[in-house]
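Visitor:
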Amino acid sequence: MLDISYFEKLFNGTFKVLNGLPRYIALEQVQPEPDFKEKLGHLIGVGKSNKLQYISVLIQKTNNDYSNILITNGFEHRSSIIEYTKDLGNIEELPCEFQWKSLENELTEKEFKDTWRQCMLYSDNKPSTFTMAQHLEAVKSELGNNWRNSCRVFLKGGKPIGVTIPHMEPGTTDEGRLFYFGLIPEMRGKGLSSSLHKQSLQFLREMGATYYIGSTQATNKKMQHVFIRSGCMLKSHMESFYKYF
Ligand SMILES: CC(C)(COP(=O)(O)OP(=O)(O)OC[C@H]1O[C@@H](n2cnc3c(N)ncnc32)[C@H](O)[C@@H]1OP(=O)(O)O)[C@@H](O)C(=O)NCCC(=O)NCCS
Numbered sequence: 001m002l003d004i005s006y007f008e009k010l011f012n013g014t015f016k017v018l019n020g021l022p023r024y025i026a027l028e029q030v031q032p033e034p035d036f037k038e039k040l041g042h043l044i045g046v047g048k049s050n051k052l053q054y055i056s057v058l059i060q061k062t063n064n065d066y067s068n069i070l071i072t073n074g075f076e077h078r079s080s081i082i083e084y085t086k087d088l089g090n091i092e093e094l095p096c097e098f099q100w101k102s103l104e105n106e107l108t109e110k111e112f113k114d115t116w117r118q119c120m121l122y123s124d125n126k127p128s129t130f131t132m133a134q135h136l137e138a139v140k141s142e143l144g145n146n147w148r149n150s151c152r153v154f155l156k157g158g159k160p161i162g163v164t165i166p167h168m169e170p171g172t173t174d175e176g177r178l179f180y181f182g183l184i185p186e187m188r189g190k191g192l193s194s195s196l197h198k199q200s201l202q203f204l205r206e207m208g209a210t211y212y213i214g215s216t217q218a219t220n221k222k223m224q225h226v227f228i229r230s231g232c233m234l235k236s237h238m239e240s241f242y243k244y245f
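Residue numbers for the sequence shown follow full-length UniProt numbering, so the first one is 1 and each next one is one higher.
(1) Compare the beta carbon distance of Q199 and E97 with 9 Å and say whether it is the shorter of the two.
(2) Only counting the same chain, and skipping five residues up and downstream in sequence, which positions put a Cβ closer than 8 Å to that of K61?
(3) When burial is assigned at 16 or more other CB atoms within 10 Å of the CB, is G41 buried or exposed?
(4) Which word fits I161, buried or exposed, when buried means at least 16 other C-beta atoms lie within 10 angstroms of its C-beta?
(5) Looking only at its own chain, which residues have a Cβ that is under 6 Å from the Cβ of L155, when we skip the five neighbours before and after it?
(6) Report yes if the C-beta of K222 is less than 8 Å from at least one heavy atom of ligand 1; otherwise report no.
(7) Can you tell me whether D124 is helix, strand or coil according to DSSP?
(8) Between the segment 174-185 and the segment 36-50, can you find at least three pairs of beta-carbon atoms closer than 8 Å?
(9) Output yes or no for whether 9 Å exceeds the beta carbon distance between L27 and L43.
(10) Please return the same chain residues whose Cβ sits closer than 8 Å to the Cβ of M233, not counting the five positions on each side in sequence.
(11) Which same chain residues end up closer than 6 Å to T219 when comparing Cβ atoms and leaving out the 5 residues on each side of it in sequence?
(12) Closest to L88 by C-alpha separation, out of F241, F36, R205, would be which residue?
(13) Would the beta-carbon of L58 be found less than 8 Å away from any heavy atom of ligand 1?
(14) Out of curiosity, what's the CA-to-CA distance linking F179 and H167?
(15) Quick check on DSSP: helix, strand or coil for A138?
(16) Among residues of its own chain, excluding the 5 on either side of S215, which ones have a beta-carbon nearer than 8 Å to its beta-carbon?
(17) Cβ-heavy atom distance between T216 and ligand 1 below 8 Å?
(18) Taking the continuous beta strand (DSSP E) assigned at E83, which residues delimit it?
(19) What residues are listed by DSSP as bridge partners for F154?
(20) Tell me the residue span of the beta strand (DSSP E) that contains E28.
(21) Work out the CA separation of E186 and V17 for me, nearest whole Å.
(22) Taking only heavy atoms of ligand 1 into account, decide whether any of them is closer than 8 Å to the Cβ of M187.
Listed below in structure tokens is the structure:
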């Protein structure tokens, strides 16, 4: 059985290592890694022998050397990603405009997966290759013990209108992220996205986050607008690569 802490030690903070075992391992670049080629080669070898389905790697956009190493090792470019950030220290306290429920109280896994599936329809992000069961598995394995509290659905008139998955980034004590954020198609274009996103940032602050990092694909202009409307600042341009076994 693969132990994710082995890879955390191997990359030693230069790449964040997200736990999608037994299906995948995801790397996110934090700092330059002088031994990227060797360490990636090692990860691929271990991944292959342990029957991982895929490895994903997120790198800083400017890093052509890493792109070449990834392509040479059989990775495919998937998307360009834009990251935004916001200090949550002094966000304005808003009354919670929308009701919500989570998998920890009242919401069933079926209801959550149904709403999440609808929220992903016609997104300006590339369609996912995961089934809904696999999406939920990814939340469980990456977020750990508190995952049920993170899985939330917003309601209007008692009906689900959107999904938000606020969580503390694994391995940190103060970084807040949204594993997913989206509205069902009928609720889009009505000016609701901004309030729901601001409410999600408030959830993060209640969970103890002092800052937020959000990301979306470069093609998703609407989501970038949502970040800006919430007062987020552009942080970085990243490129994502996938290798399937
Ligand atoms: C992304 C999403 C939450 C945005 O919500 P929405 O209700 O569709 O968006 P809105 O109509 O409120 O538009 C948001 C902003 O983008 C702007 N916008 C809309 N289309 C745009 C475009 N093509 N280019 C630039 N800006 C655009 C709007 O004017 C609005 O800005 P404003 O609030 O300053 O007026 C929603 O479309 C969604 O759930 N999509 C599917 C899931 C998804 O992609 N989630 C993000 C995953 S990272």
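All C-beta atoms, glycine included, are put in the ideal place defined by N, C-alpha and C.
Predicted model only: the values in this text are computed from it and were never measured.
Guide: In short, the structure shows the following:
(1) yes
(2) S80, S236, H237, M238, E239
(3) exposed
(4) buried
(5) Q99
(6) yes
(7) coil
(8) no
(9) yes
(10) Y84, T85, K86
(11) D124
(12) R205
(13) no
(14) 7 Å
(15) helix
(16) I81, I82, E83, Y84, M238
(17) yes
(18) 76-87
(19) W100, G162
(20) 24-29
(21) 36 Å
(22) yes
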